[in-house]
Structure formats: structure tokens, C-alpha cells
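The structure under discussion appears below in the form of C-alpha cells.
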Amino acid sequence: MAPGHPSETSGKTELDRQFTELYRDHLRDVYSYSYYRVGNHHDAEDLTEQTFLQAYRHLERALRESEGRPLRPWLIRIAHNLAANLYRDRSRKPTSALEDTTVLAAPHTTEDLAAGREELRHILEAVDQLPGDRREALIMRFALGMDNREIARALGRTDGAANVLIHRAIKQLEERVGERRGTVA
Amino acid sequence: MSAGSPDFEALLRQALRPLEPPAELAARLETTLSELTELAQDELDAWELGAMRDPRNWVRPVAAAVIGGTAGSALLALRIRRTHRRRHAASSDLLDLAGRTLSDAAGEARRIFERRG
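Here the protein sequences come in this chain order: R and D.
Residue numbers for the first sequence follow my numbering, beginning at 34 and rising by one.
Residue numbers for the second sequence follow my numbering, beginning at 6 and rising by one.
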């Protein structure tokens, strides 16, 4: 088919539309995931940017292989792989995966802060101490609102395995926070 | 399946609240896409026609054309969105806003295609 052929042009137009839609719909998801994963705004911004550039390069193939399923898990998987590369390249994990609490508190309302800032901070610290796959599953579930099937696709697991992972992650986290409450009391 | 108490899950939801990306990030991303378009165009511009006689050289310019085409339209949509607030502030009513949007879209498309020569 010659370049500029009508059906080729409309294919590109459709691809462009889908990329723009993907970007608009999931910029916040990718940024939130990146922030909770790497723990600081600077790296989260870089990771978000790189994720969309990768997505842009491979969108056509992803659309072909997704067979109409949502692309969010694919996008988050790109961010997940890039974050893993970031740690590998730096040959270290950040000393604290989450920036100081002043920055973390920024997205919360004044009401939240008054009611339970300390408690939220303890929960975030406990999330940070979970094994990587459990921490990621919780970020996807609670920060991004992904369901089990989406989380399974993002982590490359079966639906059942993702279900068990989330269940165990919440249980472990609740126990840790409970222990801390007991210690403090 | 729920593992924790409803109260605990509510706290977890509050702690892991979605974060709004900074406005500068969106602007930077859109600029990067724009630069990507220009890179693809440069690749095509720099290509000697003579080299095209050898089929082994066809892959790169074709890839550049695909990247350039995709980024151009995506960029157009993003730019129009970015200028929407400015138009909205300057418009006297909805009809005026629609007219300004169409005019801006045509202008952006013309600029992108002119750059591609």
C-alpha cells in the first residue's frame, strides 16, 4: 500500500486518537503508581515521562495483542519494568521508598491531616516495608483502583494468584499496623 | 475478596490516595512528543534519495515516517487541549468558543504540516 493511502491514513488517525486518549485517561494513574513506587516526585516525573514514551513506541503492537482489553495494566507494567531498571541502574533501593511526610501529606486535605495524619503515615511506612510484589499490588488496588484481573495482567500472574497476593498483603499490613498500635498504646 | 476490616481498607485507601501530576509534567511530556516528531522529520529530511535505491536502507525512513505521523496527530490533539483554557477565557459565548477552537485546530495542523514541508 502506498504511503498516504486513505486506509493507511485513517489507521494512523485512529492510533493517534487512541494514544491521546490513553495519555489523558491514565496520566494520573501512571504518576501515582510511579510516586508510590519510587518515593519521590523527581523520579516519579521521569518515570511517568519514560512510561508514556515507551507506550507511544509500542502502542500499535499493544493494541493488536490486547484484543480489546483495557490498556492500563500494560501501561503500569511498563512503569513497573522501568522502575525496576531504575533501581538496578543505581544499584540500590532508596533508603526510604517514600519521601518525607510533608511531601506525602500534600495531596491530603486539611481535614485528613487533622484527623489521622500520624496514622496514615504509619500505614505508608508499613506499605513501604512490605515485599515488593505485595506493595505493588496494594498500590495498584488502592491508589489506582485496579481490580484483581487488571492487577494480575500488570504483574504477569493469574487472576487467582493476584487475588491471593492482595489478600495476604492486606492481612500482613493490618497485622503490622496493629502491632504498632499495640506498641504505642 | 476482602482481607482486612472495612475500616482498615478505608484507611489504606486514604493513605494511598491518587496523586495529581504536576502541571509542568504534562507540559514537558507534550514538548517531548513534539521533539520526537521533529526528530523523525529530520531523519527523513537527511535521507539522500540515492540511498533509497538500496532496499536495505528502506527500514529507517519508513520507521521515521510512522513515528512522525503518529506523533504529529497526537501532538495536535494535545496542543489543542492545552490552549483550551486560554480560548475559554477569551470567548464571549459558546459559539465564539467553538469558532476559536476550530480556528486554533486549523492553525496547529497547518503549522505541523508546513514544518514537514
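Glycine is no exception: its CB is placed at the ideal position from the N, C-alpha and C atoms.
Under 7 Å from the C-beta of residue i: neighbouring residues of chain D
i              : result
I156 (chain R) : L16, L17, A20
Buried versus exposed, by CB contacts within 10 Å (16 or more), residue i
i              : result
E151 (chain R) : exposed
T81 (chain R)  : buried
T36 (chain D)  : exposed
A202 (chain R) : buried
D62 (chain R)  : buried
S99 (chain R)  : exposed
P26 (chain D)  : buried
G189 (chain R) : exposed
R186 (chain R) : buried
I53 (chain R)  : One detail in the question is off: residue 53 (chain R) reads as Thr in this sequence, not Ile. So T53 (chain R) ends up on the buried side.
A117 (chain R) : exposed
R168 (chain R) : buried
Close Cβ partners of residue i (< 7 Å) along its chain, the five nearest in sequence each way excluded
i              : result
D76 (chain R)  : L119
A95 (chain R)  : L104, W107
H155 (chain R) : V210, R213
A88 (chain R)  : L55, L108, I111
E93 (chain R)  : L48
R174 (chain R) : I184, I199
CB contact below 7 Å: residue i versus chain D
i              : result
E208 (chain R) : no
E82 (chain R)  : yes
L153 (chain R) : yes
Residue-chain proximity (residue i, chain R), Cβ-Cβ < 7 Å
i             : result
P11 (chain D) : no
Contacts around residue i, its chain only, beta-carbon distance under 6 Å, and the 5 residues preceding and following it disregarded
i              : result
H113 (chain R) : none
Q83 (chain R)  : L115
Contacts that residue i makes with chain R (C-beta to C-beta distance below 9 Å)
i             : result
T37 (chain D) : E82, F85, L86
Per-residue contacts from residue i into chain R (C-beta, under 7 Å)
i             : result
A31 (chain D) : L60
Same chain only: Cβ atoms within 8 Å of residue i, ignoring 5 sequence neighbours per side
i             : result
E53 (chain D) : Note on E53 (chain D): pLDDT 46, under 50, position unreliable in the model; no value is reported.
For this session: Check each residue of the segment 170-195 of chain R: if its Cβ is closer than 9 Å to any Cβ of chain D, include it; give the result in chain order.
Result: Listed by position along the chain: L171, I172, R174, F175, A176, L177, G178, N181.
Exercise. Between the segment 59-80 of chain R and chain D, which residues of the former have a C-beta closer than 7 Å to a C-beta of the latter?
Worked result: Cβ contacts with chain D come from L60, R61, Y64, S65, Y68, Y69, E78.
Exercise. What are the residues of the segment 89-109 of chain R that lie near chain D, defined by any Cβ-Cβ distance shorter than 9 Å?
Worked result: For the segment 89-109 of chain R, the beta-carbon criterion of a distance under 9 Å to any beta-carbon of chain D is satisfied by Y89, R90, L92, E93.
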